[in-house]
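Residue numbers (this note's numbering): 79 to 916.
See structure below.
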Amino acid sequence: MDNQPGTLSGTIEISSGTRVDRDTALDLEIGGLDSSLSSPIEGVQNPSAPFPGNVIAGGYVSAYSGSYDAELDYPKDDRDTLRLQLSEGQRVSVNFFPALADSSGEFETEDAPQTKLTLTPVGNEANKVSSAEDRELNKSVQAPQNGEHDLVIRTTDGGPARYVLRSTSLSGNETLGQASADFEPGEAIITREAVESGGAIRAQASGSVELADQVASQKGLGGNQFQVTMPIEREAILPAGASNSRRKAQTLEWIRELNDTPGVASAVPNHRVRATQSTIDCATAEPDHPECQDQFGLQAWHYNLINTTGDSGAWSKAAGTNTRIAVLDTGVAWMDGDWHPDLAPNINCGEPGGCFDAVDGSLPIDEDGSHGTHVSGLAAAAATDDGDVTGVAHDAKLVPVRVLGGDEGTVADVIEGVRWVINNGNPHADVINLSLGSQTQNPTLGDVLAEATAAGILVVAASGNAGDDRQFFPAAFPSVLAVGAVDCEGNRSSFSNFGNWLDLVAPGGGNARACDSNGEADDSVFSSFPSGDPPVGGLEGTSMAAPHVAGVLGLMREVNPGVEMPIIRALLREGRLTQNNDAGTFDQELGRGIIDANASVTEDLSGFAALAPSLERLRLDDDRQTVDLSLDAVGNDSATFNEVTVTNGKQPWLVVEPADGERNFRVSLDTEEMDEGQFFRSAINVSYRVDNGETREYQIPVTATLEANESDRNAGAHFVQLVPVDAANDGSVSENTVQTLVEARNGQYRFKFDTSEMEPGEYLLIAGSDLDNDGAFCGAGEACAEFPVTGQPRPIEITRNMSRSVELETAFTRPFDSQGGGVVPVGGYPRLNQDEME
Numbered sequence: 079m080d081n082q083p084g085t086l087s088g089t090i091e092i093s094s095g096t097r098v099d100r101d102t103a104l105d106l107e108i109g110g111l112d113s114s115l116s117s118p119i120e121g122v123q124n125p126s127a128p129f130p131g132n133v134i135a136g137g138y139v140s141a142y143s144g145s146y147d148a149e150l151d152y153p154k155d156d157r158d159t160l161r162l163q164l165s166e167g168q169r170v171s172v173n174f175f176p177a178l179a180d181s182s183g184e185f186e187t188e189d190a191p192q193t194k195l196t197l198t199p200v201g202n203e204a205n206k207v208s209s210a211e212d213r214e215l216n217k218s219v220q221a222p223q224n225g226e227h228d229l230v231i232r233t234t235d236g237g238p239a240r241y242v243l244r245s246t247s248l249s250g251n252e253t254l255g256q257a258s259a260d261f262e263p264g265e266a267i268i269t270r271e272a273v274e275s276g277g278a279i280r281a282q283a284s285g286s287v288e289l290a291d292q293v294a295s296q297k298g299l300g301g302n303q304f305q306v307t308m309p310i311e312r313e314a315i316l317p318a319g320a321s322n323s324r325r326k327a328q329t330l331e332w333i334r335e336l337n338d339t340p341g342v343a344s345a346v347p348n349h350r351v352r353a354t355q356s357t358i359d360c361a362t363a364e365p366d367h368p369e370c371q372d373q374f375g376l377q378a379w380h381y382n383l384i385n386t387t388g389d390s391g392a393w394s395k396a397a398g399t400n401t402r403i404a405v406l407d408t409g410v411a412w413m414d415g416d417w418h419p420d421l422a423p424n425i426n427c428g429e430p431g432g433c434f435d436a437v438d439g440s441l442p443i444d445e446d447g448s449h450g451t452h453v454s455g456l457a458a459a460a461a462t463d464d465g466d467v468t469g470v471a472h473d474a475k476l477v478p479v480r481v482l483g484g485d486e487g488t489v490a491d492v493i494e495g496v497r498w499v500i501n502n503g504n505p506h507a508d509v510i511n512l513s514l515g516s517q518t519q520n521p522t523l524g525d526v527l528a529e530a531t532a533a534g535i536l537v538v539a540a541s542g543n544a545g546d547d548r549q550f551f552p553a554a555f556p557s558v559l560a561v562g563a564v565d566c567e568g569n570r571s572s573f574s575n576f577g578n579w580l581d582l583v584a585p586g587g588g589n590a591r592a593c594d595s596n597g598e599a600d601d602s603v604f605s606s607f608p609s610g611d612p613p614v615g616g617l618e619g620t621s622m623a624a625p626h627v628a629g630v631l632g633l634m635r636e637v638n639p640g641v642e643m644p645i646i647r648a649l650l651r652e653g654r655l656t657q658n659n660d661a662g663t664f665d666q667e668l669g670r671g672i673i674d675a676n677a678s679v680t681e682d683l684s685g686f687a688a689l690a691p692s693l694e695r696l697r698l699d700d701d702r703q704t705v706d707l708s709l710d711a712v713g714n715d716s717a718t719f720n721e722v723t724v725t726n727g728k729q730p731w732l733v734v735e736p737a738d739g740e741r742n743f744r745v746s747l748d749t750e751e752m753d754e755g756q757f758f759r760s761a762i763n764v765s766y767r768v769d770n771g772e773t774r775e776y777q778i779p780v781t782a783t784l785e786a787n788e789s790d791r792n793a794g795a796h797f798v799q800l801v802p803v804d805a806a807n808d809g810s811v812s813e814n815t816v817q818t819l820v821e822a823r824n825g826q827y828r829f830k831f832d833t834s835e836m837e838p839g840e841y842l843l844i845a846g847s848d849l850d851n852d853g854a855f856c857g858a859g860e861a862c863a864e865f866p867v868t869g870q871p872r873p874i875e876i877t878r879n880m881s882r883s884v885e886l887e888t889a890f891t892r893p894f895d896s897q898g899g900g901v902v903p904v905g906g907y908p909r910l911n912q913d914e915m916e
């Protein structure tokens, strides 16, 4: 695009596999677009151009028509039918985003769309599959065969909604839309480069500038991290009664300034996290046997499932003696002047490192709910001669650490709790359990958990309860074991998150099974409770699954005291810690499988060594057709490895070749063996022999897609804006903002601004879709592009005689690192009305 003086022009490329619903609210309400429609499309929208196997598509549905508060209208569009190219077993996920949510993301239950998905192979009606019809915002179905399928997305009630359809999992650094709304306004977490002996944050620069003018207060979180608050003067800039979204926008601008301050390594929002919810003869056994507790019948199904019970189960070999399990949660119930009776024998707050409260500095008492009490009981409730329930590691020391007030809290409190456990490299616990989290990847939390692993602590976290394959943190951090949930038949619990980042699963209940030994109990996991007679209750969730694994790791630490995370991961990868997985296979629903407590304590790991891959999973596509893979030794330094082979699983489209260096390989696609638009799934097989003659093997999952018809890429009509930096920061509309509306042509967008009469200064260049016609773009579930990099917008100096061309890329996903110091207003950027556009 040739530029004349006084112009800024550019191209917006569209991410691979991106498609769009052809009858969005914008298409139905805005006239003059090539895509404008008078009524919703009946039948299949794209019969001759099926969406490819790597599709990420945005769309809109609504059971009714109506108007937003901004007086913009939304039309009725209660059904979208989209044709997709799928492989048997490929999962299609749809995530819904209610358009009637307020600017902080909250919405009334009745405003959530009531939806149902139906997936039908073309020409094979009898083989169709469906999801439930309800108001859940995350739904998925699996392709019953190879070939073209028609997906019907139907809504029967509730308000208008955006949706994002995906046929592949998100990569490790992606999220859907702008996902940083759930944080504390006026707070941040700073990682500093230097600190004075007195502990105050200072910049490391000539002249040593203090941050006193930029923060109102600070609280040390340990190491070089501080929780800081925004000066009251910044709050005063806002009008009285300013909305929560304005306060959050102001907070993000303040954080951006902190990131630009010398001496500050990083500053990020203080995000919020939430709780994720036998054969022994007791007549002759010892009265304190774990299977002889009064209410063990209610617990039998989940402990039987992980092989703790019976004469040859894990409890016949270990009880967690001399190990310590820290449960970072809501604390533990205080009853009749002591801790919960099933937990009290294993808690000693009077000894150093016995317990900690990061919320208010008192005893870690579970005052507002049952979550922490229940989770603690599963990990390490004591087995006594008059007890009601027991924990997996029933003789371990339980270290309660309160980081949640009620069922939610902040990342700052979690960081402080983890650092207390680390204790400057002399840990207060062997295992940390985190039955909490969010879909926000806060890098400061990832850093402190990596420090915990380096200190020898084994960290376990719940995978989340959205029933979705999007990553959930802290579980998805590489230093943490991500634990999903199964029911008593070993099937994935419907609420349990899944995907290629999941490590393993454990009992979490759900799926409406009768699971107790008498067939009378519901589908819950039973543990200690703060009330009742006896004080026992049932809950469901990945919160319940995680402490089963934490308890098993406590048993392992008794049998093999020095075992650390690299060895745990090697054992897990090779199927030695899970059930029926000798070949080390991986499953999207179950990870490496259901934890096997007995297998975990059977082996003497002294001298154990293994080969660990540099990549746990491979995702190849048009833009990444080749990756390098290495196998690195972990464990016993003197071990030798022979007959190392890495093969392609007999898949002609996948090529594995030796590369330079010992145990280095190159993995690439043979595109001649691939059909464009088709999704491919396989595994790389790794095999080697250890010096003791033992043969080991495991698989590394691989997915691949080559996009068909790049010219079909489309993310919907895009509003392109040049907005003054100050207005972009607080989400307001400036009189100096200019905007144009562009549509996709041959798989890209092109735009041009006349700057000759614009007010000179610093502007942000942003673009995105408004599929639901709510007056904002770049919000969650919308496509978004920012210059120079999405998630990290930087100003462009606008002059009246400039001549410049730029490139951006738009997508319905956003990088996780955009949640640090980005300045996207909560809910998206406001667009101009048509009569205000260039």
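Glycine included, each C-beta is placed from N, C-alpha and C at the ideal position.
In this structure, the alpha-carbon of residue 558 lies about 14 Å from that of residue 405.
Closest by C-alpha distance to residue 706, out of 720, 392, 741, is 741.
Every beta strand (DSSP E) stretch that sits fully inside the segment 656-711 and reaches 3 residues is listed by chain position as 687-691, 696-698. The shortest CA-to-CA distance from residue 164 to any of 497, 221, 185 is the one to 221. Non-local C-beta neighbours of residue 821 in its own chain, meaning closer than 8 Å and more than five positions away in sequence, comprise 111, 112, 113, 795, 796, 827, ordered along the chain.
Contact annotation: the segment 459-466 does not touch the segment 427-437, with fewer than three C-beta pairs closer than 8 Å. If you check the CB distance, residue 265 and residue 337 do not come in under 8 Å. Of the other Cβ atoms in all chains shown, 16 or more fall within 10 Å of the Cβ of residue 469; this residue is therefore buried. In the structure shown, residue 579 falls within a coil segment according to DSSP collapsed to helix, strand and coil.
Its Cα nearest to that of residue 632, the residue 507 stands out among 507, 149, 84, 873. The beta-carbon separation of residue 662 and residue 766, rounded to 12 Å, does not stay under the 8 Å limit for a contact. Counting only the Cα atoms, residue 730 lies some 53 Å from residue 146. Residue range 839-846 is occupied by the beta strand (DSSP E) that includes residue 845. Your pair residue 783 and residue 665 does not check out as a contact, with CB atoms roughly 20 Å apart and the cut at 8 Å. Linking residue 230 to residue 655 through their CA atoms gives a straight-line distance of about 40 Å. Excluding the 5 residues flanking it on each side, residue 695 has same chain C-beta neighbours closer than 7 Å at 578, 778, 779, in chain order. Cβ neighbours of residue 232 within its own chain (closer than 6 Å, five residues either side excluded): 157, 194.
The three-state reading of DSSP puts residue 296 in strand, counting E and B together.
Residue environment for residue 728: exposed (fewer than 16 other C-beta atoms within 10 angstroms of its C-beta). Counting along the chain, residue 621 sits inside the alpha helix (DSSP H) bounded by residues 620-637. Contact annotation: the segment 848-864 touches the segment 240-248, with at least three C-beta pairs closer than 8 Å. Secondary structure of residue 450 (DSSP, three-state): helix. Counting C-beta pairs closer than 8 Å gives fewer than three between the segment 605-625 and the segment 706-722, which falls short of the contact rule.
In terms of Cβ geometry, residue 585 and residue 564 form a close pair [threshold 8 Å].
Following the DSSP letters along the chain, one finds residue 196 inside the beta strand (DSSP E) bounded by residues 192-199. Straight-line measurement puts the Cα of residue 645 at about 35 Å from the Cα of residue 411. Annotation for residue 792: 92, 96, 97, 98, 822, 825 place their beta carbon closer than 8 Å to its own, counting only its chain and skipping 5 residues before and after.
Annotation for residue 757: 131, 165, 168, 783 place their beta carbon closer than 6 Å to its own, counting only its chain and skipping 5 residues before and after. In the DSSP assignment, residue 521 falls within the alpha helix (DSSP H) that extends over 521-532. Judged by DSSP secondary structure, residue 560 falls outside any alpha helix (DSSP H) and instead within the beta strand (DSSP E) spanning 559-564. Residue environment analysis places residue 153 among the buried positions, since at least 16 neighbouring C-beta atoms fall within 10 angstroms of its C-beta.
Apart from sequence neighbours up to five positions away, the residues of its chain that approach residue 703 with a beta-carbon distance below 8 Å are 746, 747, 749, ordered along the chain. Counting C-beta atoms within 10 angstroms of its own C-beta, residue 305 has 16 or more neighbours from the protein chains shown and is therefore classed as buried. Take the alpha-carbon of residue 613 and the one of residue 420: they are about 9 Å apart.
The three-state reading of DSSP puts residue 441 in coil, since its state is none of H, G, I, E or B. For residue 490, the enclosing alpha helix (DSSP H) covers residues 489-500.
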